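Numbered according to our numbering, the sequence shown spans residues 373 to 881.
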Amino acid sequence: MKPPSIPGKPPPDFQSISGIGSTWRGQALLRGELYFDGSFFPLIRPEQFNLRAEGSPSARLLGRAYMVAWGWRPPQDFLDDDPVLIGCRLLCWVIHYEYFMGTAPKAASSSVLSRLGQEGRLLSSLLPGEDCGSRNLIACAGLLAAYLVFPSQDGFLSRYERFSAEALESALLPGGTVVERNPSAQLDFVYLLYRLWEIHLLIGVEFPLQFKTALSRSVTSLAAQVHGDGALAIFNGASEGNADFIQALLRSLNIPVTFAASSFHDAFVRMECGKGLVLIDAGRPVEDLPQNKTHAGILSFEFSYGKTRIFSNMGAGILPERQKAWRQGSSHNLIVPNGKSCLLFKDEEDFIYAPRYIQRHTYTQDDGELIVLSHDFYRVSLGGTWERQIFLSHNGELLRGEELWYGRQMPDMVMRFHLHPDVDAVWEEDEIIIRSAGMAWRFSCEGGVLCLDDDLYVGKVVPKETKQIVIHATKHRQLEQYSFGTEDWIAGTKKSQRIFRWYLERVPA
Numbered sequence: 373m374k375p376p377s378i379p380g381k382p383p384p385d386f387q388s389i390s391g392i393g394s395t396w397r398g399q400a401l402l403r404g405e406l407y408f409d410g411s412f413f414p415l416i417r418p419e420q421f422n423l424r425a426e427g428s429p430s431a432r433l434l435g436r437a438y439m440v441a442w443g444w445r446p447p448q449d450f451l452d453d454d455p456v457l458i459g460c461r462l463l464c465w466v467i468h469y470e471y472f473m474g475t476a477p478k479a480a481s482s483s484v485l486s487r488l489g490q491e492g493r494l495l496s497s498l499l500p501g502e503d504c505g506s507r508n509l510i511a512c513a514g515l516l517a518a519y520l521v522f523p524s525q526d527g528f529l530s531r532y533e534r535f536s537a538e539a540l541e542s543a544l545l546p547g548g549t550v551v552e553r554n555p556s557a558q559l560d561f562v563y564l565l566y567r568l569w570e571i572h573l574l575i576g577v578e579f580p581l582q583f584k585t586a587l588s589r590s591v592t593s594l595a596a597q598v599h600g601d602g603a604l605a606i607f608n609g610a611s612e613g614n615a616d617f618i619q620a621l622l623r624s625l626n627i628p629v630t631f632a633a634s635s636f637h638d639a640f641v642r643m644e645c646g647k648g649l650v651l652i653d654a655g656r657p658v659e660d661l662p663q664n665k666t667h668a669g670i671l672s673f674e675f676s677y678g679k680t681r682i683f684s685n686m687g688a689g690i691l692p693e694r695q696k697a698w699r700q701g702s703s704h705n706l707i708v709p710n711g712k713s714c715l716l717f718k719d720e721e722d723f724i725y726a727p728r729y730i731q732r733h734t735y736t737q738d739d740g741e742l743i744v745l746s747h748d749f750y751r752v753s754l755g756g757t758w759e760r761q762i763f764l765s766h767n768g769e770l771l772r773g774e775e776l777w778y779g780r781q782m783p784d785m786v787m788r789f790h791l792h793p794d795v796d797a798v799w800e801e802d803e804i805i806i807r808s809a810g811m812a813w814r815f816s817c818e819g820g821v822l823c824l825d826d827d828l829y830v831g832k833v834v835p836k837e838t839k840q841i842v843i844h845a846t847k848h849r850q851l852e853q854y855s856f857g858t859e860d861w862i863a864g865t866k867k868s869q870r871i872f873r874w875y876l877e878r879v880p881a
């Protein structure tokens, strides 16, 4: 007996919990190297899903050797008993069983199948797991994969049905966004639901309505987190991913997705005019998530024009020293008052204090879209509230913002705009000119001193050097009303201190 073939051709370069990996990572494994957090290391543990993407005969044989070795003598490590890892391993093995083991000797196949059964029974005894967030459904998916191989084991299916609905509910916010607020995790989750749907068809069990509804909402949220180049936004530890696979997945699911000029998607705000697109992280983090899922990037934004990314957050690292640096507010496109990020971390791990209230309002104006955002994190530590206004013109070629502070005293303010490595930036008089894809953009500001510093972008597979625009606030002016807003909304009663105003405008060719 062997698992039936699962339809679907793996994309050329995709890393996900389902087990479809990366071609170049597979080539590194054949050399005896493992790519991790921007560097290559000697191989210690196998990653067979990258071998599947590499696709050569030698990769097939090496992957088979890993599976057989695991079947005969699995590693004795407490990490291997984690329900999420077991579920991921079972799902990977079942999906790629035919490729790696289809022509293997009978003894080798028997050892792998025996190990699959043992792992399935171990996983069944460990559920429900203690993991929080979208990863919990992976463990349940492993049970369904085990049932696909051993249909006589009804316990696998019953345990899957018992725990999967709760795992699905705890993984998503009301609008279909995963609780991690991470576009990469969103992509993995949509692909996981896609695979679960396929397995349900193979075993002849109807895909539950709850899962179909969740898939529809998750696809809409995923599409909202994608830039014009087809790849993902960089929020809360995400990476760009493979644009071709993302678009192919969205097309294959065939779920209609449309957006208004300004729209909210749980934690994210999407504002699109012409070819201009602004994506904003405007959500409060969930308290019980692991520390590496939480970044101090609340109210940070990214901007792209067509397929060209201009402003982008820096990304995230895996090694502890990189995690510490890239999680801070200075790694995002936002203001950092007195060097304080908008999350308070304990022992540089779990956050212990986050903004309690986050406000966001959008306004459609004659010449474009305006969004007003604020949060109250600094009310206790600095005695004030930061508010940001971002305006995008109807043609998408003018982006301007204003940063305001409500409080009795004005702290030192620094704001950063991290440039995507695909663009170049140079000084020109008192402005910064940004060039890419045959276009030129002019960046300027009022009330601050502009600097152009070096930067490092880790949103792609290999870290790349780039530039960042840094603004140091130098003067503050009392304002009796917002500089640009609707009359119904101004009312003339609010007073604030403007930190500075900034502009990004496309230069005519």
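We treat Cβ as the ideally placed atom computed from N, Cα and C, and that holds for glycine. Since the model is a prediction, treat every value here as computed from it, not as a measurement.
Residue i - DSSP class collapsed to helix/strand/coil
i	result
Y729	coil
E877	strand
T757	strand
I571	helix
G548	coil
S703	helix
P709	strand
M473	helix
Q737	strand
V658	coil
L520	helix
I339	Residue 339 cannot be examined here, being either before or after the span of the chain that is shown, 373 to 881.
S506	coil
E538	helix
F884	The chain is shown only over 373 to 881; residue 884 falls outside these bounds and no answer can be derived.
V629	coil
G613	coil
Length of the line joining the Cα atoms of residue i and residue j
i	j	result
E775	D653	16 angstroms
D826	T838	6 angstroms
L742	H733	8 angstroms
V744	Y677	21 angstroms
L824	Q840	6 angstroms
A632	H790	27 angstroms
P657	F607	12 angstroms
W569	P455	21 angstroms
D409	S524	For D409, the predicted structure reports a pLDDT of 47, less than 50, and the residue's modelled location is therefore unreliable. The matter cannot be settled from this model.
L434	T475	14 angstroms
L716	G602	34 angstroms
M471	V577	For the record, residue 471 in the displayed sequence is Tyr; it is not Met. In a straight line, the C-alpha of Y471 is about 25 angstroms away from that of V577.
S486	L529	18 angstroms
L457	G514	9 angstroms
E666	C714	The sequence shown places Thr at residue 666, rather than the Glu named in the question. Cα-Cα distance, rounded: 11 angstroms.
E759	R507	34 angstroms
W799	R436	55 angstroms
Q558	L621	13 angstroms
Q490	W444	12 angstroms
G857	G756	Low confidence applies to G857: its pLDDT is 49, below 50, so where it sits in the model is not reliable, and the reading given next is rough at best. Near 22 angstroms, if we compare the C-alpha coordinates of G756 and G857.
Y438	A480	11 angstroms
D738	R878	20 angstroms
8 angstroms contact criterion, which residue i and residue j should meet: CB distance rounded
i	j	result
K832	S635	With a Cβ gap of about 27 angstroms, K832 and S635 do not count as contacting.
L581	L565	Contact flag wrong, Cβ pair sits at about 13 angstroms.
L604	I627	With 8 angstroms as the limit, L604 and I627 do not qualify as a contact, their Cβ atoms being about 18 angstroms apart.
F675	L771	6 angstroms
L540	F579	About 12 angstroms; that fails the 8 angstroms criterion.
L889	A543	For residue 889 there is no data in the structure shown, the boundaries of the chain being 373 and 881.
I571	L520	6 angstroms
I806	V821	Actually they are not in contact, since the Cβ atoms of I806 and V821 sit about 18 angstroms apart, beyond 8 angstroms.
N334	N705	Here the chain comprises residues numbered 373 to 881, so residue 334 is not present and cannot be evaluated.
G505	E552	5 angstroms
V550	A595	Their Cβ separation, rounded to whole angstroms, is 14 angstroms, which puts V550 and A595 out of contact at 8 angstroms.
Identified DSSP bridge partners for residue i
i	result
K836	Y829
G648	C645, Y677
G820	A845
V598	L604
Residue closest to residue i, alpha-carbon to alpha-carbon, out of the options
i	options	result
G815	Y566, D802, G779	The amino acid at residue 815 is misidentified as Gly; the sequence shows Phe. Taking only the C-alpha atoms, the option nearest F815 is D802.
A726	D738, R732, K712, H733	K712
R531	P500, E659, D796, H599	P500
A881	V834, W813, K836	W813
H637	A615, I627, A603, V591	V591
G701	V795, Y729, L671, E470	L671
Q731	L498, V795, D739, H747	H747
C817	L876, D784, P709	L876
A511	T736, H468, L651, L462	L462
V484	G779, V562, P446	P446
Q869	Y438, I804, M782, V521	M782
I762	L625, V830, F872, S497	F872
V830	R623, R699, S481, Y729	R699
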